[in-house]
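Enquirer:
In my numbering, the protein residues as written are 169 to 339.
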């Protein structure tokens, strides 16, 4: 991995951390901008940069640095947001295959990445809170649909605007 790619990983890791602090607190899961920056890392950096950025973010949070929206520590990976956090890894990988040249690919892979995040988060909420699937969907997915659609559109717009510059760094 070259210096430029390492710089991009650090940049997207920092953006994901910042995104976790931009939040609207809703119980049991807050609305944050993490997913926006995970999608952006995938679209602009590709699967390797996105996966490494999210992996470092999760590692930093797991070892206790307060980078998650609820603070830091390994225990948070087993709290209400744990399923969403862990699902960011495969979501980053999926978004990374979305590219930035064809909008339809970005939309498709962005939707798939978002579905993966919902699957991880909702299934974990169902298990953790011992609630029905419909209850888990009601608290863990429905409040986020509109916002996630907006974040997807914003990630696509930003990636299309700035990807050529970022890709030139990777060359």
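Backbone N, C-alpha and C fix where the C-beta goes; we use that ideal spot for every residue, glycine too.
Just so we're clear, the structure is a prediction, and the values are computed from it rather than from any experiment.
Using a Cβ-Cβ cut-off of 6 angstroms (strictly less than) and excluding sequence neighbours within five positions of residue 319, which residues of its own chain qualify?
Expert: One-based indexing of the chain shown puts residue 319 at position 151. Cβ neighbours of residue 319 beyond the five flanking positions: 203, 204.
Enquirer: Given residue 263, which residues of its chain have a CB within under 7 angstroms of its CB, disregarding the five upstream and five downstream residues?
Expert: The residue labelled residue 263 in the question sits at position 95 within the chain shown. The answer, listed in chain order, is 206, 207, 210, 211, 218, 277, 278, 281.
Enquirer: Taking all protein chains shown into account, decide if residue 197 is buried (16 or more other Cβ within 10 angstroms of its Cβ) or exposed.
Expert: Position 29 of the chain shown, counted from the first residue, corresponds to residue 197. The Cβ neighbour count for residue 197, taken over all protein chains shown within 10 Å, is at least 16; the residue is labelled buried.
Enquirer: How far does the alpha helix (DSSP H) with residue 203 in it reach, from first residue to last?
Expert: In the chain shown, the residue the question calls residue 203 occupies position 35. First-last of the alpha helix (DSSP H) with residue 203: 202-230.
Enquirer: Taking the alpha helix (DSSP H) that residue 247 falls in, what are its first and last residues?
Expert: Looking up residue 247 in the chain shown gives position 79. Premise fails: residue 247 is in no alpha helix (DSSP H) and is neither H nor E.
Enquirer: Please state if the CB of residue 201 and the CB of residue 248 are separated by a distance shorter than 8 angstroms.
Expert: Translated into positions along the chain shown, residue 248 becomes position 80. Translated into positions along the chain shown, residue 201 becomes position 33. Cβ distance not < 8 angstroms, so residue 248 and residue 201 don't count as in contact.
Enquirer: For residue 234 and residue 336, what's the separation of their Cα atoms in angstroms?
Expert: For the purposes of this step, residue 234 is taken as residue 66 along the chain shown, with counting starting at 1. For the purposes of this step, residue 336 is taken as residue 168 along the chain shown, with counting starting at 1. If you take the alpha carbons of residue 234 and residue 336, they lie about 33 angstroms apart.
Enquirer: Per DSSP, what kind of secondary structure is residue 116 in: helix, strand or coil?
Expert: Since the first residue of the chain shown is 169 and the last is 339, residue 116 is not available in this structure.
Enquirer: May I have a chain-ordered list of the alpha helix (DSSP H) segments no shorter than 4 residues that lie completely inside the segment 233-277?
Expert: 250-264
Enquirer: From what residue to what residue does the alpha helix (DSSP H) around residue 180 run?
Expert: Reading the chain shown from its first residue, position 12 is the one you call residue 180. Judged by DSSP secondary structure, residue 180 falls within the alpha helix (DSSP H) whose first and last residues are 171-189.
Enquirer: Using 7 angstroms as the cut-off, classify the Cβ of residue 270 as near or not near the heavy atoms of the ligand MG, replying yes or no.
Expert: The model depicted lacks the ligand MG and carries no ligand whatsoever.
Enquirer: What's the gap between the Cα of residue 192 and the Cα of residue 185?
Expert: Locating residue 192 in the chain shown gives position 24, counting from the first residue. Locating residue 185 in the chain shown gives position 17, counting from the first residue. Near 15 angstroms, if we compare the C-alpha coordinates of residue 185 and residue 192.
Enquirer: I'd like to confirm the pairing. Which residues does DSSP put opposite residue 199 in its beta bridges?
Expert: Taking the first residue of the chain shown as position 1, residue 199 is located at position 31. Looking at the DSSP assignment, residue 199 forms a beta bridge with 192.
Enquirer: Using beta-carbon positions only, say whether residue 283 and residue 252 come within less than 8 angstroms of one another.
Expert: As a first step, residue 283 is located in the chain shown; it is residue number 115 there, counting from the start. As a first step, residue 252 is located in the chain shown; it is residue number 84 there, counting from the start. No. Outside cutoff.
Enquirer: Give every residue of the same chain whose Cβ lies closer than 8 angstroms to the Cβ of residue 305, excluding the five residues on either side of it in the sequence, and list them in chain order.
Expert: Along the chain shown, read from residue 1 onward, the residue named residue 305 stands at position 137. 290.
Enquirer: Is the beta carbon of residue 265 sitting closer than 8 angstroms to the one on residue 331?
Expert: One-based indexing of the chain shown puts residue 265 at position 97. One-based indexing of the chain shown puts residue 331 at position 163. Their beta carbons are not under 8 angstroms apart, which means residue 265 does not touch residue 331 by this criterion.
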